[in-house]
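Heads up, the thing below is written out as structure tokens.
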Amino acid sequence: MNQGWRRYFWAGGAVAMICVMFGLVSYSVTLYRLFCEVTGAGGATQRVDSDTAQVTDTYVTVFFNTNVAPNLPWKFRPLQRSVRVRLGEETPAFFEAENLSDEPIVGRATFNVTPEKAGLDFKKIECFCFTEERLAPHTKVQMPLQFYVDPDLAKRASTRDVDQITLSYTFFRAADPGEGADLGRFAGVPTPAAGEQLFAENCAACHASDHAKIGPALGGVLGRPAGTVPGYPYTRALAGSGLVWTAATLDRWLADPRKLVDGTAMPMAIADAGARAAIIAYLEQLPPPPAPQAADQAAAKPGPGGM
Ligand code: HEC
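For reference, each letter of the sequence shown is one residue, going 0 to 306 in numbering that gives the first Met the number 0.
Below, the structure is given as structure tokens:
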């Protein structure tokens, strides 16, 4: 191949790459500003009432991804790998940060959304994005993110095909450690840790994450159609309800199962909304039970002609 052509090719590639990277950086900052201005996420929180948001029947799966800059001695992880949500539906997600060092440290979170074209539709209602966050030595906090994906996603021709969105957070060490809101403020909010305790007290007599007790296994319940764990003897009322378990439907279910599904066998109700939110947060990060059917099917599949 012609040497000169190659040189042009690589030089052009490098220039294009730099432009793309530059564009991404400025774009995500703008995007961030936009989210946080629109949603008030950066500081004062403006809540959007989920009952007034238009919830549609189109689902997207949101994946969560976290990174920590090498000079920040924190552990930072999402408590759920992904959630399946309906467009317009307000949904919580949780992240856990732990300061592994002996000193208080201020971290600064940045995020980006892929595919980029879906970025504008990813609305945060409550988050710790881009703000300086202080974490005391050897402490661990669970941080909530409230978000919804705007129904515009399915209306716009350019984004109609998007059914998966990835939200990536990166924590950097803040240059000036004097500032920073204390992450301890998240101590009082409904988190999976609080939910685990409430689950143990209110639900564990009848439910486990990976096997049926009196009630069905609840691992992976978010995003699952109601009454569909194989082998569990559901009431006809629940199996025929047509419900899909999301944060919103679970909230109504836990508030009063018999009001949501007339004739269900589940007797338990949780009156306190904060307690329900914490329990749902806990359920959300339970891993789905391993799918034995998939393995069975693979093993049992004879293949054409006894192969
Ligand atoms: C006394 C036993 C009992 C308690 C306590 C109980 N449940 Fe249930 N739960 C059931 C039964 C039984 C069903 C199946 C209902 C049916 O088939 O109508 C069920 C169903 C469910 C379902 C639907 C699952 C599916 O696969 O569709 C969810 C979600 C659930 N329970 C959550 C909870 C949570 C969270 C708590 C604690 C706040 C709780 N339950 C407490 C007995 C219980």
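Virtual Cβ for every residue (Gly too), placed ideally from N, Cα, C.
- Judged by their CB atoms, isoleucine 278 and glycine 222 are not nearer to each other than the 8 Å cut-off.
- Straight through space, the alpha carbons of tyrosine 281 and aspartate 56 are spaced by roughly 24 Å.
- In the three-state reduction of the DSSP assignment, arginine 85 falls in the strand class.
- Here the distance from the Cβ of tryptophan 73 to the nearest heavy atom of the ligand HEC is not below 7 Å.
- Here the C-alpha atom of isoleucine 164 lies approximately 10 Å from the C-alpha atom of valine 82.
- Not one heavy atom of the ligand HEC sits closer than 7 Å to the Cβ of glycine 230.
- Listed in chain order, the alpha helix (DSSP H) runs fully inside the region 189-230 are 191-201, counting runs of at least 4 residues.
- Taking 8 Å as the cut-off, the Cβ atoms of valine 59 and leucine 152 count as close.
- When secondary structure is reduced to three states using DSSP, threonine 245 falls in the coil class, being assigned neither helix nor strand.
- For leucine 237, the three-state secondary structure derived from DSSP is helix.
- Residue pairing by DSSP places glycine 262 opposite no residue, since no beta bridge is assigned to it.
- Under a 10 Å Cβ-count criterion, proline 256 is classified as buried, with 16 or more other Cβ atoms of the shown protein chains found around its own Cβ.
- Close CB contacts of aspartate 250 within its chain, under the 6 Å cut and outside five residues either way in sequence, are with Arg275 (chain order).
- The region 130-137 makes contact with the region 95-111, as at least three CB pairs between them are under 8 Å.
- The three-state reading of DSSP puts arginine 76 in strand, counting E and B together.
- With a contact defined as Cβ atoms closer than 8 Å, arginine 80 and phenylalanine 63 qualify at about 7 Å.
- Assignment of beta-bridge partners to serine 167 by DSSP yields Asn64 and Asn111.
- In the structure shown, alanine 135 adopts coil according to DSSP, grouped into three states.
- Arginine 155 sits in coil when the DSSP states are folded into three classes, being neither helix nor strand.
- A distance criterion of 7 Å places the beta-carbon of valine 82 beyond contact range of the ligand HEC, judged by its closest non-hydrogen atom.
- Judged by pairs of C-beta atoms under 8 Å, the region 189-206 touches the region 252-270, as three or more such pairs exist.
- Rounded to whole angstroms, the gap between the alpha carbons of serine 208 and alanine 174 is 42 Å.
- Looking at the backbone, the Cα of glycine 262 and that of methionine 142 are separated by about 37 Å.
- In the DSSP assignment, alanine 274 falls within the alpha helix (DSSP H) that extends over 272-283.
- In terms of Cα proximity to threonine 169, the closest of Gly118, Arg76, Pro114 and Phe198 is Arg76.
- Not one heavy atom of the ligand HEC lies closer than 7 Å to the C-beta of proline 287.
- Comparing alpha-carbon positions, the option among Ser240, Val228, Leu253 and Thr245 lying closest to glutamate 89 turns out to be Thr245.
- Straight across, the Cα-Cα distance linking phenylalanine 121 with leucine 253 is about 27 Å.
- Burial is judged here by how many other beta carbons sit within 10 angstroms of a residue's own beta carbon; glycine 273 has fewer than 16 and is exposed.
- Beta bridge pairing from DSSP links isoleucine 104 with Leu134.
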